Ligand code: AGP
């Protein structure tokens, strides 16, 4: 088993360290030298894809957070409305879908019953269905009109890590492909974004090379009984994912919030010593998001929080308000989840291990949930 884990103490840690390859392999062969997307594998005609009026992403758990990241990117690049819904909620209301709706299901296993049932339901309503999936030949892609496989390789640990980054990567490819088909972006813009994506694997590697900075923090926090995560824009699903990882494997109460929502309630939770992770957007972004999030850090700190910050290299504004800062390499804001998620995965994995838990087989959870 130790050989299968590639010398790592757990599959989860191995899979976290597999992430440069998971992203690179998912990008591989899907665009040409001119920066044109070549998703020939999709079985939906380009004319039909160009004519869709909305996208509904259906998924559960971590895969649904990948969908939330996709919403920001696809709406920005393609100007198509994107809804993201948990599969099990979708089917039990009367969702409005028709033949101009593209359903994008996201599933690592391709066997999640909730998602399968939601896809079947949407198909009956006449929607076009596309599956983003990590498992060749599994049920959801087989039952969908089209499939875009993620190439993360088999994921063994129950807590999803490399599949998540590969899913996000695949949704970016889909977004760029739609933008190309529909003429929403210039070819040069698509080429530039692809070039930025191409640099992501080595940037993830840079984070992995500094894993000890995160592990030290995690070991010092093994007594924490609640950890909060704040993020905004694409940092919001990253915060949700950071919280989910901690719940799943370390059994610690954790919650992710949109930072702007703090003042509407969650700030009441903050008292002395409360650990709060904050995912800070790039200071190079167009709008004032960065300074808003820096104010959020100050607000929780003033109430006693222990502020643990994920910021971009060169961001000098956060230092004075943070107990601990981890810098991730520069990248365009929409791609940032591929980097900012990684330290949170390492944190959860190390903290759970420090508590003596089996991170690969957390209690009460199954790798794929094949019951409704
Ligand atoms: C992630 O760490 C979880 N174990 C879980 O939320 C998972 O993402 C969810 O059950 C969906 O699984 P799928 O991607 O195989 O459909």
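In UniProt numbering, the protein residues as written are 252 to 623. For each residue, glycine too, the CB sits at the ideal point set by N, CA and C. Please read all numbers here as calculations on a predicted model, not as lab measurements.
Status (buried if at least 16 other CB within 10 Å, exposed otherwise) for residue i
| i | result |
| --- | --- |
| residue 342 | buried |
| residue 284 | exposed |
| residue 585 | buried |
| residue 439 | exposed |
| residue 429 | buried |
| residue 255 | exposed |
| residue 622 | exposed |
| residue 271 | buried |
| residue 565 | exposed |
| residue 415 | buried |
| residue 377 | exposed |
| residue 332 | exposed |
| residue 553 | exposed |
| residue 354 | buried |
| residue 269 | buried |
| residue 258 | exposed |
| residue 541 | buried |
Backbone secondary structure at residue i - three-state DSSP
| i | result |
| --- | --- |
| residue 322 | helix |
| residue 514 | helix |
| residue 329 | helix |
| residue 412 | coil |
| residue 399 | strand |
| residue 450 | coil |
| residue 358 | strand |
| residue 616 | coil |
| residue 292 | coil |
Residues near residue i by beta carbon distance below 7 Å, same chain, minus five either side
| i | result |
| --- | --- |
| residue 524 | 555, 557 |
| residue 289 | 281, 282, 283 |
| residue 485 | 320, 323, 584, 585, 587, 588 |
| residue 466 | 597, 601 |
| residue 406 | 266, 359, 385, 413, 414 |
Close Cβ partners of residue i (< 8 Å) along its chain, the five nearest in sequence each way excluded
| i | result |
| --- | --- |
| residue 590 | 451, 454, 455, 458, 579, 580, 582 |
| residue 299 | 379 |
| residue 371 | 394 |
Close beta carbons around residue i, own chain, < 6 Å, minus the five adjacent residues each side
| i | result |
| --- | --- |
| residue 261 | 610, 611 |
| residue 316 | 488, 491, 492 |
| residue 508 | 481, 517 |
| residue 504 | 477 |
| residue 392 | 361, 382, 384, 398 |
Closer than 9 Å to chain C by CB, residue i
| i | result |
| --- | --- |
| residue 289 | Considering every chain present, this structure includes no chain C. It has just one protein chain. |
Identity of the residues DSSP links to residue i by a beta bridge
| i | result |
| --- | --- |
| residue 466 | Answer by DSSP bridge pairing: none, since residue 466 is not bridged. |
| residue 305 | 352 |
| residue 337 | 310 |
| residue 261 | DSSP, once it has assigned bridges, lists no residue as partnering residue 261. |
| residue 253 | Bridge partners of residue 253: none, in fact. |
Any non-hydrogen atom of the ligand HEM closer than 8 Å to residue i Cβ
| i | result |
| --- | --- |
| residue 409 | This structure lacks the ligand HEM; its bound ligands are the ligand AGP. |
Counting only runs of 4+ residues fully inside the UniProt domain "SIS" (468 to 613), write out the alpha helix (DSSP H) ranges in chain order.
486 to 501, 540 to 553, 588 to 605
Minimum length 3: unbroken beta strand (DSSP E) runs contained in the stretch 360 to 404:
379 to 384, 397 to 400
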